[in-house]
Amino acid sequence: MRIFLDTANVEHIREINSWGILSGVTTNPTLIAREGKDFKKTLLEICDIVDGPISAETVSLSAEGMLKEAREFSSWHKNVIVKIPAVAEGLKAVKQCKKEGIKTNFTLVFSLNQALLAALAGATYASPFVGRIDDTGWDGFEFVRDLVPLLDYYKYETQIIAASIRHPMHVVEAARAGAHIATIPYKVINQMIKHPLTDIGVDKFLKDWEKVPKK
Ligand code: E4P
């Protein structure tokens, strides 16, 4: 499973990219707004840091409008992936993007059917929002666990990005479900590397090392 960072904060992206484990970045209008900077400038800055898929989201409601945005965003940089919402107009836009060689991320996916339609339309990625489903009291991974083997069985090329990740156990669940990618917020990626026993262990080794006679 590959890891994307779910943020538009370039400092955070730079820091996590230095770990050597990052394959891409996802943004959305909320994450872009949070940074209070120009959209295109921010996106290009991210593309400069990470050499991998960088998702940029459309905000049009019609297929025509989505396509116009998709053509524009994808002209900015070869790594830009166009995020298109899981609605009927979105399917039309994804289908046309596929014809034009524009890579897409079908987003706001909350059901197996939406993901299946994304695969049929030729989406490069589909993003089930597991955390938002969990927030409603359901198991956000339930359909993701069925989805991945099903896509394999029918030999669909669409890759699943587990999105709306809220905590480290969501990442574990994403890996268990066979998601191709998990897009993870900065806070959670930091939680993933932390373990109190590692800190205690490092501390003890350093203290014991002091006792080793040095010539
Ligand atoms: C990523 O593609 C999504 O936009 C993001 O994971 C949504 O996360 P949220 O549900 O925490 O807003």
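Under my numbering, the first residue of the sequence shown is numbered 137, with each subsequent residue one higher.
Idealized CB from N, CA, C, for every residue including glycine.
{"query": "Using only CA atoms, which one of H303, M202, I297 and G258 lies nearest to F265?", "result": "I297"}
{"query": "Just to confirm before moving on: does the CB-CB distance between V280 and H303 stay below 8 Å?", "result": "no"}
{"query": "To test your reading of the DSSP string, which unbroken alpha helix (DSSP H) runs of 4 or more residues are found completely within the stretch 185 to 220?", "result": "199 to 212"}
{"query": "Using a 10 Å radius around the Cβ and a threshold of 16 neighbouring Cβ atoms, would you call E193 buried or exposed?", "result": "buried"}
{"query": "Write down every uninterrupted run of the alpha helix (DSSP H) in the stretch 153 to 178 whose length is 4 residues or greater and which is fully enclosed by it, in chain order.", "result": "165 to 171"}
{"query": "Since S198 contacts E225 with CB under 8 Å, what's their CB separation in whole angstroms?", "result": "6 Å"}
{"query": "Give the straight-line distance between the Cα atoms of F175 and I168, rounded to the nearest whole angstrom.", "result": "7 Å"}
{"query": "Answer with buried or exposed for N249, where buried requires no fewer than 16 other C-beta atoms within 10 angstroms of its C-beta.", "result": "exposed"}
{"query": "Please classify Y261 as buried or exposed, where buried requires at least 16 neighbouring CB atoms within 10 angstroms.", "result": "buried"}
{"query": "Who are the near neighbours of P221 in its chain, counting only those whose CB is closer than 7 Å to its CB and skipping five residues on each side?", "result": "T243 and L244"}
{"query": "Please tell me whether, using a cut-off of 7 Å, the distance from the CB of N145 to the nearest non-hydrogen atom of ligand 1 is below it.", "result": "no"}
{"query": "Could you name the residues that DSSP lists as bridge partners for L264?", "result": "Here residue 264 is Pro; the residue named in the question, Leu, does not match the sequence. The partner list for P264 (beta bridge, DSSP) reads V245."}
{"query": "Apply the 10 Å Cβ neighbour rule to A313 and answer buried if 16 or more other Cβ atoms are within range, or exposed otherwise.", "result": "buried"}
{"query": "Are the Cβ atoms of T162 and E171 separated by less than 8 Å?", "result": "no"}
{"query": "Are there 16 or more other CB atoms within 10 angstroms of the CB of P332, so buried, or fewer, so exposed?", "result": "exposed"}
{"query": "In chain order, what residues of the same chain lie with their CB nearer than 6 Å to the CB of H148, ignoring the 5 residues before and after it?", "result": "Y322"}
{"query": "Please name the residue in D187, P349, L227 and E236 whose C-alpha comes closest to that of E208.", "result": "E236"}
{"query": "Closer than 7 Å to a non-hydrogen atom of ligand 1 - does that hold for the CB of F279?", "result": "no"}
{"query": "Just the Cα atoms here: how many angstroms apart are D187 and V348?", "result": "44 Å"}
{"query": "According to the neighbour-count rule (16 or more other Cβ atoms, all chains shown, within 10 Å of its Cβ), is G276 buried or exposed?", "result": "buried"}
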